[in-house]
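**Student:**
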Amino acid sequence: MTDILPSYLRDAWWAPARDDAAAIVRDASTGAEVSRVSTTGIDLAAAVAHARTVGQRSLGALTFHQRAVLLKQFAAALTARKDELYALSASAGATARDSAIDVDGGIGVLFTYSSKGRRELPNAQVLVDGPAENLSKDGSFLGRHVFTRLPGVAVQINAFNFPMWGALEKFAPAFLAGMPTLVKPATPTAYIAEAWMRILVDAGLLPAGTLQLVSGPVPGLFDVLGLGDTISFTGSAATAEGLRAQARPGVRFTSETDSINASVLGPDAVPGTPEFDAFVRQLVTELTAKAGQKCTAIRRAIVPAGLESDVAAAVSATIAERVVVGDPRGPGVTMGPLVSQEQRDDVLRQVAALKRAGGRLVVGDTDAPEVVDAEGRRGPAAAGAFVAPIVLAFDAADAAAGAAVHDIEAFGPVASLLGYRNLDEAADLVGLGGGSLVTSVATHDPQVAAALLGGIGAYNGRILFLDRDDARTSTGHGSPVPHLVHGGPGRAGGGEELGGMRAVRHYMQRTAVQGSPRMLTAVTGIWHTGADVDAGGIHPFRKPLTHLRLGDRVESGEREVTLADIETFAHFTGDTFYAHMDEDAAAANPFFPGRVAHGYLLVSWAAGLFVDPDPGPVLANYGLENLRFVTPVSPGDRIRVALTAKQITPRETDDYGEVRWDAVIRNQRDELVAEYDVLTLVAKETAPPEADELVAP
Ligand code: NAP
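If you use my numbering, the sequence shown corresponds to residues 4 to 700, in order.
Now the structure itself:
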């Protein structure tokens with residue numbers, strides 16, 4: 004008898020002493036017992052309270068960047084012990100390729116959120132959303148949207164198929180946002196979640212209360228959740244429906260559920276084209292990776308009417324050539340079993356239902372396949388949950404609105420083949436899935452792609468256009484990437500995960516903040532026009548990052564613009580555009596009074612006016628943002644510039660940071676000529692770092 008899996012609660016491991024009713028989890032290939040799962044006697048209220056107090060305090064002491072640095076350290080700790088996770092995943096039926104999706108994919112999400120977090124978030128705790136809005140004539144009253152972290156616990160309830168990626172793709176953005184997490188893995192693979200959790204605990208990197216694991220049922224959990232808490236569910240639509248109804252008011256409930264995803268073969272992608280081959284290869288990959296137990300797997304292959312048999316034949320040939328079903332520990336095995344006997348029985352039940360609804364088997368069958376065992380022997384499976392890849396073809400009459408083929412999810416290596424007569428019909432068939440996580444379209448014709456996007460966009464969270472140009476580099480139909488949204492409308496749950504920093508905001512509250520420029524500067528960490536400035540002290544370029552303050556400013560003297568300067572600049576740069584060189588043509592232009600100075604001349608002069616030239620803490624100018632030329636400058640006009648420290652972002656792991664400066668150029672009539680942000684790298688202390696320590700932003 005195996006031990007009951009421990010849970011990790013309130014920063015310590017916990018397990019019920021003994022429970023004869025504990026669920027038994029078995030090896031997917033051999034049926035041997037792997038673990039037992041029970042939470043009898045668990046105190047979930049205390050776990051939630053711990054997250055809300057200790058966990059919130061831990062994360063509240065850290066900035067976005069400090070949390071991001073920790074995510075990278077978590078990823079490194081997991082990478083160092085990846086082999087253990089691969090070995091365990093094989094018990095759940097995962098081949099090495101399947102484990103790469105779960106294990107390396109999970110680690111990859113941590114790395115991505117670490118680096119994106121440091122590049123795209125401020126080194127602060129508040130995130131602004133959009134520009135400041137001026138709400139008064141004199142600029143003394145402004146409004147701005149800001150995000151602050153939710154004060155509760157982020158609960159995750161996960162599906163069995165990705166025990167690591169599924170948890171880490173939610174944990175990374177929650178942690179970055181500043182919310183502690185409580186993970187409840189699915190029973191059949193809870194032992195893999197316990198293993199990655201143990202690696203993180205052993206590494207000693209987790210701030211107190213920031214991550215807890217409940218290895219088993221969670222009775223009463225929803226009763227102790229309230230405003231400020233979130234529940235992110237991944238699993239079947241039926242379970243989601245029941246749980247959503249139990250969530251108390253104020254709890255943010257999001258779900259990623261099953262989805263009858265589609266893959267469309269474009270009318271141009273006939274046999275013999277690279278797109279046809281890519282479509283077939285991808286369909287076989289989606290049937291066999293994780294033995295089809297992927298929420299994003301292709302469930303409906305939608306092809307031009309008349310090509311069904313060509314597609315079925317090509318899929319059969321590719322499977323015969325490449326797919327070896329068996330124990331993932333066996334030599335040459337490319338497709339493992341389903342996670343459990345129960346899962347296999349469920350899939351076979353759904354295939355029977357699809358057959359009753361008109362499906363004809365055109366690839367594979369429902370008999371137990373011959374498999375390769377761990378020692379490489381081929382034969383009938385003694386105990387494993389094996390199913391061969393299956394494709395069922397449907398006639399048009401059996402694929403109309405409301406037909407079972409658009410509704411039944413056989414969560415295994417099973418797809419349906421449907422014909423379409425024109426693109427409108429193809430789009431309609433995609434939409435009949437009621438909302439999907441992903442649809443892929445194999446076409447090399449941009450018009451087909453554009454027409455289908457209009458028809459299917461609203462029904463999908465993600466669309467992949469597959470052709471000869473990207474087939475080799477594509478991340479594939481079935482792989483969500485951390486940079487892009489994962490989730491889908493309708494049946495797919497209506498949720499949205501990943502998508503870069505969008506996911507971080509799901510764990511934060513957006514609030515419209517109103518106040519004076521001084522107050523908005525204080526609460527956002529970004530200097531706002533009208534807030535206090537210090538223009539009388541030493542030049543701000545002489546101040547290292549640790550001494551620089553928001554509002555530190557340099558105000559320049561004036562410089563007159565002459566016609567000779569404009570001509571010199573024009574000939575020097577080659578920019579002899581008529582607005583600078585031809586008085587009559589310039590005057591005929593609706594925007595200019597006559598010949599005017601180049602905008603880039605003004606920006607270059609502004610740099611000359613505000614710069615402090617000697618070596619010092621300012622290391623480099625790495626760009627300008629939001630540059631706008633507002634009032635043209637004519638020969639004889641005089642310009643001056645004000646440069647104000649707007650945002651100061653020290654880097655956690657370097658001796659320097661970024662400073663954003665507000666630059667405003669005005670003319671002798673005090674009219675706004677140009678405004679923009681100047682981006683610089685500034686040393687934290689006066690002695691500049693060595694050149695080889697610098698990393699491009
Ligand atoms: P499931 O049976 O719906 O279970 C999902 C999770 O809900 C499991 O952790 C399960 O725990 C838990 N659960 C069940 N009843 C609960 C209750 N009353 N209170 C609290 N938790 C409860 O789904 P599954 O079989 O694990 O996963 C397969 C399904 O997930 C497929 O339909 C697939 O399409 C979908 N899926 C969707 C996505 C996506 O991103 N959209 C990703 C992966 C999978 P126990 O295991 O302990 O019962």
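Backbone N, C-alpha and C define an ideal beta-carbon position, used for all residues, glycine too.
Taking C-beta to C-beta, are Ser117 and Ala180 nearer than 7 Å?
**Tutor:** no
**Student:** Per DSSP, which one or two residues make a beta bridge with Tyr659?
**Tutor:** Ala686
**Student:** Alpha carbon to alpha carbon, how far is Gly155 from Asp617?
**Tutor:** Straight-line spacing of the CA atoms in Gly155 and Asp617 works out to 50 Å.
**Student:** Measuring only the C-alpha atoms, how far is Met522 from Gly554?
**Tutor:** Looking at the two C-alpha atoms, the distance is approximately 13 Å.
**Student:** Does the beta-carbon distance from Ile322 to Pro392 come in below 7 Å?
**Tutor:** For Ile322 and Pro392, yes; Cβs fall inside 7 Å.
**Student:** Roughly how many whole angstroms lie between the Cα atoms of His148 and Ala135?
**Tutor:** Between His148 and Ala135, the C-alpha separation is close to 8 Å.
**Student:** Using only alpha-carbon positions, find the residue among His409, Thr337 and Pro334 that is nearest to Ala356.
**Tutor:** His409
**Student:** Can you grab the Cα-Cα spacing for the pair Gln215 / Val106, in whole Å?
**Tutor:** 19 Å
**Student:** Can you give me the start and stop residues for the alpha helix (DSSP H) that Thr288 sits inside?
**Tutor:** Pro277 to Thr291
**Student:** May I have the straight-line CA-CA distance separating Ser10 from Tyr510, to the nearest angstrom?
**Tutor:** 24 Å
**Student:** In this structure, does DSSP put Glu87 in helix, strand or coil?
**Tutor:** helix
**Student:** If you drop the 5 nearest sequence neighbours on each side, which residues of the same chain put their C-beta closer than 7 Å to that of Thr151?
**Tutor:** Closer than 7 Å at the Cβ level, and outside the excluded window around Thr151, lie Val129, Met511, Gln512 and Thr514.
**Student:** Inspect the CB distances between the stretch 629 to 636 and the stretch 647 to 660 and report whether three or more fall short of 8 Å.
**Tutor:** No: the two stretches stay apart, fewer than three of their Cβ pairs being nearer than 8 Å.
**Student:** May I ask you to verify whether the stretch 173 to 187 touches the stretch 267 to 280, counting CB pairs closer than 8 Å and requiring at least 3?
**Tutor:** no
**Student:** Would you kindly report the start and end of the unbroken beta strand (DSSP E) that includes Met511?
**Tutor:** Met511 to Gly518
**Student:** Give the single residue among Thr257, Val306, Glu244 and Arg255 whose Cα lies nearest to the Cα of Pro274.
**Tutor:** Val306
**Student:** Should the stretch 283 to 292 be called in touch with the stretch 309 to 318, which here means at least 3 C-beta pairs below 8 Å?
**Tutor:** yes
**Student:** For the alpha helix (DSSP H) that contains Gln344, what are its first and last residues?
**Tutor:** Gln344 to Arg359 is the span of the alpha helix (DSSP H), which, as asked, contains Gln344.
**Student:** Just checking Ala403 against the ligand NAP - is the residue's beta carbon closer than 6 Å to any of the ligand's heavy atoms?
**Tutor:** no
**Student:** Given a cut-off of 7 Å on the beta-carbon distance, is the pair Phe77 and Gly120 in contact?
**Tutor:** no
**Student:** Do the CB positions of His480 and Ser443 come within less than 7 Å of each other?
**Tutor:** yes
**Student:** Alpha carbon to alpha carbon, how far is Gly58 from Asn161?
**Tutor:** 21 Å
**Student:** Please tell me whether, using a cut-off of 6 Å, the distance from the CB of Asp261 to the nearest non-hydrogen atom of the ligand NAP is below it.
**Tutor:** yes
**Student:** Report yes if the C-beta of Asn264 is less than 6 Å from at least one heavy atom of the ligand NAP; otherwise report no.
**Tutor:** False, no ligand heavy atom lies under 6 Å from that Cβ.
**Student:** Taking 7 Å as the CB-CB cut-off, is Glu324 touching chain B?
**Tutor:** Within the model displayed, chain B is absent; a lone protein chain is all it includes.
**Student:** Residues in its own chain within less than 7 Å of Met200 by CB, not counting five upstream and five downstream?
**Tutor:** Tyr11 and Leu216
**Student:** Any contact between the stretch 11 to 24 and the stretch 34 to 48? By contact I mean 3 or more CB pairs, one from each, below 8 Å.
**Tutor:** yes
**Student:** Beta-carbon separation of Ala686 and Pro620 under 7 Å?
**Tutor:** yes
**Student:** I'd like the list of long-range same chain contacts for Ser559, defined as Cβ closer than 7 Å, with 5 residues on each side in sequence excluded.
**Tutor:** Cβ contact annotation for Ser559 (same chain, cutoff 7 Å, sequence separation greater than five): Leu612, Phe613, Arg643 and Val644, in chain order.
**Student:** Should Gly238 be counted as a contact of the ligand NAP given a C-beta to heavy atom distance under 6 Å?
**Tutor:** yes
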